Each structure stands twice: as structure tokens, then as C-alpha cells.
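Protein chains: 2
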Amino acid sequence: MYITFMKNPTDLTIQTWVRLVRAQQTALSSVEAALKKAGHPPLVWYDVLLELERAGADGLRPFELESALLLRQYGVSRLVERIEKAGYLAREACEDDARGQRLILTPAGRDCRREMWSTYAPAIEASVGSKLTPAQTKTLSDLLGKLMA
Amino acid sequence: MYITFMKNPTDLTIQTWVRLVRAQQTALSSVEAALKKAGHPPLVWYDVLLELERAGADGLRPFELESALLLRQYGVSRLVERIEKAGYLAREACEDDARGQRLILTPAGRDCRREMWSTYAPAIEASVGSKLTPAQTKTLSDLLGKLMA
DNA sequence: GTAATATACATGCATTTGCATTGACTTGCA
DNA sequence: TGCAAGTCAATGCAAATGCATGTATATTAC
């Protein structure tokens, strides 16, 4: 039996929590809205395509995507299915593990990611970059880093 | 024809964006998981119950909840339906507007919110409070405030 | 007063997500 | 070797969400 000691949050901590949730929600939904308005797929597709692009010719295993993007196993399974159906990735049999598969970015997928970026980038700038000085941005990044650690 | 000038984000801005999304996602899902593990309803129920508690005896109109919690109209409609079915809120006809209704917290709803808080509070402390000094927390809160503005 | 428009809320239908389970293969170990 | 346990991925079913639209009432313009 473990006793985990977790004291109650201060008002300041609560306020920070609320702002974290709200600020992210607001920013994220404005980015998603921009993508949708431009006729692009949802943001998570971008993340997948980017990971695959970074992974290069060997692609990635679904479980690698799962941990890289903090998705659930069944979420990856169905997301990959949809992206494949759109022609942006290909599944290959995995040589060294017959249970698995390799997910490879297609040229169309590469193009899609690039086009999404042309909408995504200004949306990030509008929601984050334009609201803070570089020094403030750095501070925010560091503090968020501490939260994730 | 408007020209909206939005330059591309710096690498620092992009990193901050990614961390904002990830940090919130991580923290939020750990809070949600704690609630679920304790047998409580999802977090958004807490938000609704708290808003209704703050609103007092007259309760709130659905559209007020919508803007207070940044939800979609149909989301509120169905969320309220579920919470009502659980017995945590009551719907009253609205005197001055026959299209509308008033949502009132029930005693069971008040209790539910209190019990949720006993899980929610330590989870906030664990995801935010315990990771930062008070000064850092204040700085983070202020910077997130700028993002929301 | 009445017609046009706007607001409040609900809902049918398709898509997505969550949860539990299954099927297939691998690994560890007797 | 062989089998128990573990890992990778898919899927059936239920719940939640998104989108478009519907219904009712209120407000505005004339």
C-alpha cells in the first residue's frame, strides 16, 4: 500500500491549469479551423505525415507512431487506415516481424504535408508567435518543458 | 480583398507551439485518467457543474454555458441531456424567453462536483503545481494569459 | 401588424473515438 | 523443442462528436 502525498493546488496553480487548458484549446481550434477552411485534413494527419517524412525510406511501425504522437493503439490503427485510403501512406510488410508493418510516406503524402504547412505555419504564428516577444516565447517554451518532464 | 500578413513562425515559436499542445495533452489526459479511475464522470461535467454552482439558484441558459466553456451548441445540448439523465441538473422553463430553458444544479450535482474535486485537485497539483515553483507558475500563468488575449 | 430575419435549442445521420477482445506472431524459458 | 506469456495490430460494438438541418420563438424593418 503506497501513500502518495499530493497536496491541494494553490489558487495560482488552479488558474494556471485553467489557462493551460483554455489557451491550448483556443489555439488548437483556431489552427484546426484554418486547416479545415483551406480544405486540408485534420492536424493529426500532419503529425503522422511529418513523422513518416522524418523517418525516411524505411518508414515507421504503427507502435512507433503511437508513442511519438501519444495516440492510442486503436487510434493509430484507424488513423493509418484513413490516411492510407487517401493515398498518403503505404503499408509494407515488415521483414523482421511478421506481426508488424512499415508505414511509408507516398509522394502524394509528402505534397499534402507541404501544402498543409502553408496553412499551418501562419496559423501557429498567429496563435503563438504574434502574441509574445521572442524572450517571452523562450520562457514559455522552457516552462512548458518543465511541465512535460 | 484583404491582405493578411502572417509571417512564418520561427523555430522557437514552433517548438513552443508543440510543447503547448503536448504539455496540455499530457496533463489533461492524466487528469481525465484519474477521474475515470476514481469512477467519476469526464472533466467537462465538472466544468458544467461548477458553472451552475457559481450561477446559483437561477442557473444558466445553455447558450451561456456554451460561451463560458467554449463548447459547440449541439455539444451543450447533448451534454446537458446526459448530465440531466444522471440527475445532476434540472431543466426549468425560462420565464422571459419561451425558446430557452434554465439549467439548475441539483443537490446530487453539487455533491458530485465536490467528490470530483477530491480527485481533480490532487491531479492538478501533480500535473502543474508540483512541477514549478510559485514564481514559475506565476510566469507561466501570465504568458498563457497573453496567448489567450 | 406582418413579413423577413435572427436566435435558442434539438436531432438525424455520418464519422470518430473508446473499450474490450481477438488473431497472429514472437520471445523466454523449462 | 514446445508451450506460456508477451507484443503488434485489427475490429465489433457502444458512446461521443461533427455537420447540417429542423422547430419554435423573438426581434427587426417596414
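These protein sequence lines are chains A and B, in that order. When you line the first sequence up against the numbering used here, it's residues 160 to 308, in that order. When you line the second sequence up against the numbering used here, it's residues 160 to 308, in that order. Backbone N, C-alpha and C fix where the C-beta goes; we use that ideal spot for every residue, glycine too. Since this is a predicted model, take the numbers as computed values, not measurements.
Next item on the list: Starting from B/T278, find everything on chain A with Cβ-Cβ shorter than 7 Å and list it in chain order.
Entry: Going along chain A, no residue has its Cβ under 7 Å from B/T278, so there is no contact; the nearest lies around 10 Å.
Notebook entry, point to check: Of all the CB atoms in chain B, is at least one closer than 8 Å to the CB of A/G234?
Noted result: no
Notebook entry, point to check: Going by the CB atoms, is the gap between B/G268 and B/L208 shorter than 8 Å?
Noted result: yes
Check: Do you know how far the Cα of A/T172 is from the Cα of B/G246?
Finding: 31 Å
Notebook entry, point to check: So what's A/A282 in DSSP terms, helix, strand or just coil?
Noted result: helix
Next item on the list: For A/S286, count neighbouring C-beta atoms within 10 Å of its own C-beta (all shown protein chains included) and say buried if the count is 16 or more, exposed if not.
Entry: buried
Margin query: Contact defined as beta carbons within less than 8 Å: I believe A/I263 pairs with A/G218. What is the distance between those atoms, to the nearest angstrom?
Written below: 4 Å
Notebook entry, point to check: Which one of B/A280, B/V180, B/W176 has the shortest CA to CA distance from A/K297?
Noted result: B/W176
Margin query: Suppose you measure from the CA of A/I283 to the CA of B/T278; what does that come to, to the nearest Å?
Written below: 34 Å
Check: A/E254 to A/G215, Cα distance in whole Å?
Finding: 17 Å
Notebook entry, point to check: So, using beta-carbon positions, are A/L302 and B/Q174 closer together than 8 Å?
Noted result: No, the pair does not count as a contact, with Cβ atoms beyond the cut-off.
Next item on the list: Answer with buried or exposed for A/R231, where buried requires no fewer than 16 other C-beta atoms within 10 angstroms of its C-beta.
Entry: exposed
Item checked: Other residues of its chain near A/A227: CB distance less than 7 Å, five sequence neighbours each side excluded -> E210
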